[in-house]
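Here is the structure we will look at.
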Amino acid sequence: MEASVHIYPGQEAPGKRLADQLGLLHHSIDIHTFPDGESLLRVVPQSGTVVLYASLYQPNAKLIHILQAAQAFRDGGAQRIVLVCPYLCYMRQDKAFHEGEAVSQRLMGTLLGPAFDRIVTVDPHLHRVSSLSEVFPGRDADALSAAALIAQKVAADDTLEGAILVGPDGESEQWVGAAARAAGLDYMVATKERFGDREVRVTLPEAGQARGRAAVIVDDLVSSGTTMQRCAEILTQAGAKHIEAVAVHAVCSDKDFAAMKAAGIARLRSCDGILHKSNDIELAPLLAEALEKEARP
């Protein structure tokens with residue numbers, strides 16, 4: 089089947105990088121918004137395999153748009169539709185923590201599962217489920233890891249030679265551990281207590297290992313940046329000579345970015361699954377490897 093890449097508006101740069109890696113043609117999706125807020129969406133019809141590139145940060149409008157796109161592709165004769173969403177939204181709400189709360193992760197499975205034949209994402213927030221297939225039962229679902237790309241970036245930076253990687257909380261161990269092993273570096277993991285969106289207590293009993301060394305804080309997502317700030321303050325007190333941070337997904341504001349620097353983080357790097365000024369790691373090679381059979385079945 090012939091395949092092509094179709095890119096959500098505003099995501100042309102990473103979408104084109106993926107198409108180039110796969111050696112496929114790429115097309116833009118056109119969205120017109122009416123005065124009442126409704127959308128008219130147009131796609132370039134494709135009879136074979138459609139690879140829809142749409143990272144789902146700030147997702148609410150994007151969700152209806154990609155469902156419209158899936159319907160338009162089906163109506164146009166597409167035999168297979170693959171959703172490539174480097175950032176997959178609504179994964180954190182995987183249970184009802186309080187009475188009356190919606191379990192948004194389960195809703196995503198209900199919404200997207202029937203519309204797409206395969207869903208490919210990078211380091212989704214899967215806490216109480218063991219695999220992405222549990223979110224999308226009956227569908228091909230791939231949760232890729234950017235740990236190797238992070239390791240390559242850290243290992244290639246001479247200023248980080250002999251660095252120690254730091255996970256800011258227990259959940260981060262899966263990323264920081266994998267990256268450290270791939271880069272041949274030491275790592276340690278902090279513990280975190282959260283009291284609100286911007287209120288956290290971080291403890292790092294092994295902080296002394298950072299004395300006289302560069303330290304790199306590694307996590308899947310940086311939002312407010314508060315947890316990374318607390319880690320950086322502890323590492324500074326412990327005598328770290330240089331502190332950087334790497335996140336798979338960065339959504340922090342300019343104000344939060346500045347606060348992280350003020351806390352001692354000299355640089356934040358992130359993958360390009362969400363467009364952000366800190367983007368320094370391209371996901372296209374990782375995604376293309378997973379999609380090779382789609383491009384050349």
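Residues in the sequence shown are numbered consecutively from 89, following this note's numbering.
Here a beta-carbon is modelled for each residue, glycine too, at the ideal position from N, C-alpha and C.
In this text, all values refer to a predicted model and were calculated from it rather than measured experimentally.
Contact under 8 Å by Cβ, residue i with residue j
{"i": "Val191", "j": "Asp182", "result": "yes"}
{"i": "Arg318", "j": "Glu332", "result": "no"}
{"i": "Gly103", "j": "Tyr141", "result": "yes"}
{"i": "Leu253", "j": "Leu273", "result": "yes"}
{"i": "Ile369", "j": "Ala234", "result": "yes"}
{"i": "Gly255", "j": "Arg299", "result": "no"}
{"i": "Ala251", "j": "Ala302", "result": "yes"}
{"i": "Ala91", "j": "Val139", "result": "yes"}
{"i": "Val170", "j": "Glu380", "result": "no"}
{"i": "Val334", "j": "Val304", "result": "yes"}
{"i": "Asp211", "j": "Trp263", "result": "yes"}
Minimum C-alpha distance to residue i - residue among the options
{"i": "Ser366", "options": "Ala378, Asp342 and Glu377", "result": "Asp342"}
{"i": "Leu144", "options": "Asp163, Val172 and Pro133", "result": "Val172"}
{"i": "Val242", "options": "Val306, His186 and Val210", "result": "Val306"}
{"i": "Val417", "options": "Ala320, Phe224 and Asp360", "result": "Residue 417 cannot be examined here, being either before or after the span of the chain that is shown, 89 to 385."}
{"i": "Arg357", "options": "Ile238, Ala107 and Ala244", "result": "Ile238"}
{"i": "Pro202", "options": "Gly258, Met179, Arg162 and Leu176", "result": "Arg162"}
{"i": "Val217", "options": "Arg194, Phe345, Gly125 and Leu199", "result": "Arg194"}
{"i": "His115", "options": "Val131, Pro123, Ala346 and Val210", "result": "Val131"}
{"i": "Pro225", "options": "Gln99, Leu199 and His213", "result": "Leu199"}
{"i": "Pro133", "options": "Pro123, Thr121 and Ile117", "result": "Ile117"}
{"i": "His213", "options": "Asp246, Glu259, Leu248 and Thr247", "result": "Glu259"}
{"i": "His330", "options": "Gln159, Phe345, Asp246 and Asp257", "result": "Asp246"}
{"i": "Val93", "options": "Glu249, Gln240 and Leu112", "result": "Leu112"}
{"i": "Pro147", "options": "Arg384, Ala244 and Met179", "result": "Met179"}
{"i": "Gly125", "options": "Ala149, Asp257 and His215", "result": "Ala149"}
{"i": "Cys177", "options": "Val223, Met316, Ala244 and Gln159", "result": "Val223"}
Same chain, Cβ closer than 7 Å to residue i, five either side skipped, listed in chain order
{"i": "Ile119", "result": "Pro97, Ser127, Leu129 and His153"}
{"i": "Arg286", "result": "Ser312 and Thr314"}
{"i": "His215", "result": "Asp182 and Glu259"}
{"i": "Asp257", "result": "Ala278, Thr279, Lys280 and Thr315"}
{"i": "Ala236", "result": "Ala270"}
{"i": "Ala158", "result": "Ile169, Ala203 and Phe204"}
{"i": "Arg105", "result": "Glu370 and Ala372"}
{"i": "Ala347", "result": "Gly313 and Gln317"}
{"i": "Thr121", "result": "Ser127"}
CB-CB length for residue i against residue j, believed under 8 Å
{"i": "Ala351", "j": "Gln109", "result": "Contact doesn't hold; Cβ gap of about 36 Å is too wide."}
{"i": "Ala378", "j": "Leu232", "result": "6 Å"}
{"i": "Val336", "j": "Leu309", "result": "7 Å"}
{"i": "Thr137", "j": "Arg168", "result": "4 Å"}
{"i": "Ile362", "j": "Tyr175", "result": "5 Å"}
Close Cβ partners of residue i (< 6 Å) along its chain, the five nearest in sequence each way excluded
{"i": "Thr324", "result": "Gly352"}
{"i": "Gly165", "result": "Ser135"}
{"i": "Ala229", "result": "Ile207, Leu220 and Ser221"}
{"i": "His364", "result": "Ala338 and Ser358"}
{"i": "Ala160", "result": "Val131"}
{"i": "Gly296", "result": "Ala326"}
{"i": "Gln156", "result": "Leu129"}
{"i": "Ala107", "result": "Val93 and His114"}
{"i": "Glu261", "result": "Gly255 and Val277"}
Other residues of its chain near residue i: CB distance less than 8 Å, five sequence neighbours each side excluded
{"i": "Glu189", "result": "Gln181"}
{"i": "Glu294", "result": "Met276"}
{"i": "Arg227", "result": "Gly201, Phe204, Asp205, Arg206, Ile207 and Ser221"}
{"i": "Ala101", "result": "Asp360 and Leu363"}
{"i": "Val288", "result": "Lys280, Glu281, Arg282, Thr314, Thr315 and Arg318"}
{"i": "Gln99", "result": "Tyr141, Ala142, Ser143 and Leu363"}
Beta carbon proximity, residue i to chain B, threshold 8 Å
{"i": "Ala184", "result": "In summary, chain B is missing from the structure at hand, where a single protein chain is found."}
Original post:
Can at least three beta-carbon pairs, one atom from the stretch 279 to 298 and one from the stretch 261 to 269, be found at a separation below 8 Å?
Top reply: The stretch 279 to 298 vs the stretch 261 to 269: no contact.
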